[in-house]
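For reference, the structure discussed in these notes is given below.
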Amino acid sequence: MFWQERLRTPDRKGFRQLEGSRQVEGSRQVQDSVQVEDSVQVKESGLSAFPEDAELVITSVQVLKRPKHRYRIFFGAYAFEVHEDVMIKYRMIKGAVFTKAELEEIVSADERQQGYADALTYLSRKPRTAYEISMRLKEKGWGEETINDVIGRLQAEGYLDDAAYAQEWAAQRVKLRGKGKLWVRHELRQKGVSKPLIEDALGEVSEDDEFASAMLLGAKKWRGTSGEPLDKKRKTGAFLQRRGFSGKIVSKVLRELGREDGMSAEDEWDAE
Numbered sequence: 001m002f003w004q005e006r007l008r009t010p011d012r013k014g015f016r017q018l019e020g021s022r023q024v025e026g027s028r029q030v031q032d033s034v035q036v037e038d039s040v041q042v043k044e045s046g047l048s049a050f051p052e053d054a055e056l057v058i059t060s061v062q063v064l065k066r067p068k069h070r071y072r073i074f075f076g077a078y079a080f081e082v083h084e085d086v087m088i089k090y091r092m093i094k095g096a097v098f099t100k101a102e103l104e105e106i107v108s109a110d111e112r113q114q115g116y117a118d119a120l121t122y123l124s125r126k127p128r129t130a131y132e133i134s135m136r137l138k139e140k141g142w143g144e145e146t147i148n149d150v151i152g153r154l155q156a157e158g159y160l161d162d163a164a165y166a167q168e169w170a171a172q173r174v175k176l177r178g179k180g181k182l183w184v185r186h187e188l189r190q191k192g193v194s195k196p197l198i199e200d201a202l203g204e205v206s207e208d209d210e211f212a213s214a215m216l217l218g219a220k221k222w223r224g225t226s227g228e229p230l231d232k233k234r235k236t237g238a239f240l241q242r243r244g245f246s247g248k249i250v251s252k253v254l255r256e257l258g259r260e261d262g263m264s265a266e267d268e269w270d271a272e
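Just so we're aligned, residue 1 is where the sequence shown starts under full-length UniProt numbering, counting upward by one.
See the structure below:
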């Protein structure tokens, strides 16, 4: 796929990769303290119920059946849930001690991890722009801080690159999909790509490539249109303009098609 030349597309199987330089031993220690779901009962769930000024000791760690890769962390009668990556990163094993402030930081990290996982799932289908990812995460209820963190992380990891996306999109749409630069410019604006990046991307597509695409479409339309040459001109020109080709390109195509059809050079072939 042409996207793979410039952009990384995450594989669903890679979602469980541990962050940073996570060590195997740390993961084993966490797993040793894990219990199967339903083996422990909890009276108070959610961080808001936790006491403010107290050292909070993990009494057990319980793996959840659904959703996958999530765990319930118990502090006596209190508990909350985190993603596996977050649990391992903060070494949340039985006997570990935390303050409520530290747990609040962990909850924030867990929200960012969940947002990141949602973004990866969305990206696994096809490449997206930063704006598209932001809108998707907003639809799923994530806050601005979490969204910004996820976008930054994806960009740093090479999963998001609006410049590369715009260049690949422009080339593919013009050369393979028969769209003019005006059409492509509108599409990229809708995808939230910045104006400078759009213009840079369109600048990478040569006028010759755009003309070749328009000529191919125009010739097919011309041959399939019945009537007098002026009718063919009018219908073919309107068709190409609807596809986003500029007046300059359309006029050039119409002149060439007119000559091929035996029309005299005195006929007017400019796009209306």
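We put the beta carbon where it would ideally sit given N, CA and C, even for glycine. Computed from a predicted model, the values in this text were never measured in an experiment.
Excluding residues up to 5 positions away in sequence, I106 lie with their Cβ nearer than 7 Å to the Cβ of Y90 in the same chain.
At a Cβ-Cβ threshold of 8 Å, V184 and V193 do not count as neighbours.
Under the three-state reduction of DSSP, I58 is assigned to coil, being neither helix nor strand. A contact is defined here as three or more CB-CB pairs under 8 Å, and the segment 225-237 fails this definition with respect to the segment 160-175.
Closest option to R189, judged by alpha-carbon separation, among D53, F75, A130, L257: A130. Collapsing the DSSP output to three states places A109 in a helix. Scanning its chain for C-beta atoms nearer than 6 Å, with the 5 sequence neighbours on each side dropped, one finds around D162 the residues T129, A130, V193, L197, in chain order. By the CB criterion at 8 Å, G180 and F245 fall inside the cutoff. Scanning the segment 91-146 for uninterrupted alpha helix (DSSP H) segments of 4 residues or longer gives 100-123, 130-139, listed from N- to C-terminal end. Within the model, the alpha-carbon separation for S134 versus I147 is close to 6 Å. Between H83 and the set Q114, V61, L216, A101, the nearest pair of CA atoms involves Q114. Between the alpha carbons of Q155 and R72 lies a gap of roughly 31 Å.
Residue environment analysis places A119 among the buried positions, since at least 16 neighbouring C-beta atoms fall within 10 angstroms of its C-beta.
Closest option to Q62, judged by alpha-carbon separation, among Y78, D208, R255: Y78. Contact check for L240 against G258 fails: the beta carbons are separated by 8 Å or more.
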